[in-house]
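Quick notes on the structure that follows.
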Amino acid sequence: MADILHRVGVKTPAPDKVYEALTTIDGLAGWWTDDTKGDPAPGGVVAFRFPVGGFDMEVQETRPRERVSWRVVAGPDEWVGTTIDFDLRQEGDYTIVLFQHAGWREPAEFMYHCSTKWAIFLMSLKSLVETGEGAPAPRDVQISDWH
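Right, here's the structure in full:
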């Protein structure tokens, strides 16, 4: 199994805004993809749609100011059954986001692409919280034919 890991510092006095961006439809649509629908509460499913496809995430856990965890229930075969975790902690003026997309069967080229795109979208999350403006799909940085 292989994992995608990222760490991002978001300048904010507390994790509340980051947590809100990870647990509300408006927040998620503000940094990941405009086309976001569903129930972001534990046990709910959130559908994320992009110009080239999409994913359905079952919300596994939400702990205010600390953690958000999803399980991929629909999307590309490589994603189904993987988990996505956002762990939050405050360090001074920054909320640290420890991101993990875990459970990939193998480190294939598509995983490398997804790692780069996750980094781009995590920077969009940072921008949304710090400035009020993210760069969700379809306004994100395009890096290849996979978008």
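For what it's worth, my numbering labels the leading residue of the sequence shown as 20, then goes sequentially. Backbone N, C-alpha and C fix where the C-beta goes; we use that ideal spot for every residue, glycine too. Please read these numbers as outputs of a predicted model, since none were measured by experiment.
May I ask you to report which of helix, strand or coil DSSP gives residue i?
{"i": "Ile162", "result": "coil"}
{"i": "Val99", "result": "coil"}
{"i": "Gly46", "result": "helix"}
{"i": "Trp123", "result": "strand"}
{"i": "Gly128", "result": "Note on residue identity: the sequence assigns Glu, not Gly, to residue 128. Looking at Glu128 - three-state DSSP - the assignment turns out to be helix."}
{"i": "Asp106", "result": "strand"}
Please identify the residue among the options whose C-alpha is closest to the C-alpha of residue i.
{"i": "Asp173", "options": "Ile23, Thr31, Met20 and Asp22", "result": "Coverage of the chain is limited to positions 20 through 166, which leaves residue 173 absent and any answer about it impossible."}
{"i": "Ala154", "options": "Val71, Asp45, Trp50 and Phe67", "result": "Trp50"}
{"i": "Gly57", "options": "Val92, Asp75, Ser88 and Glu80", "result": "Asp75"}
{"i": "Val116", "options": "Thr101, Leu144 and Lys136", "result": "Leu144"}
{"i": "Glu77", "options": "Ala66, Tyr38, Arg86 and Asp96", "result": "Ala66"}
{"i": "Ala93", "options": "Arg84, Phe105, Gly73 and Ile103", "result": "Gly73"}
{"i": "Asp2", "options": "Gly28, Thr101 and Tyr38", "result": "As displayed, the chain neither begins before 20 nor continues past 166, which places residue 2 out of reach and without an answer."}
{"i": "Ile139", "options": "Thr114, Pro157, Glu39 and Gly151", "result": "Pro157"}
{"i": "Asp159", "options": "Ala60, Phe69, Phe105 and Pro61", "result": "Phe69"}
{"i": "Gln161", "options": "Thr150, Gln79, Leu47 and His132", "result": "His132"}
Identify the residues that DSSP records as bridge partners of residue i: which are they?
{"i": "Val13", "result": "Any answer about residue 13 is impossible in this case: the structure gives the chain only from 20 up to 166."}
{"i": "Gly151", "result": "According to DSSP, Gly151 bridges with nothing at all."}
{"i": "His25", "result": "Phe118"}
{"i": "Ala156", "result": "Thr52"}
{"i": "Arg86", "result": "Arg82 and Asp106"}
Please decide whether residue i counts as near chain B, where near means a Cβ-Cβ distance under 8 Å.
{"i": "Pro34", "result": "Absent from the structure is chain B; it holds one protein chain and no more."}
In chain order, each beta strand (DSSP E) run of at least 3 residues that lies wholly inside the region 56-80
64-69
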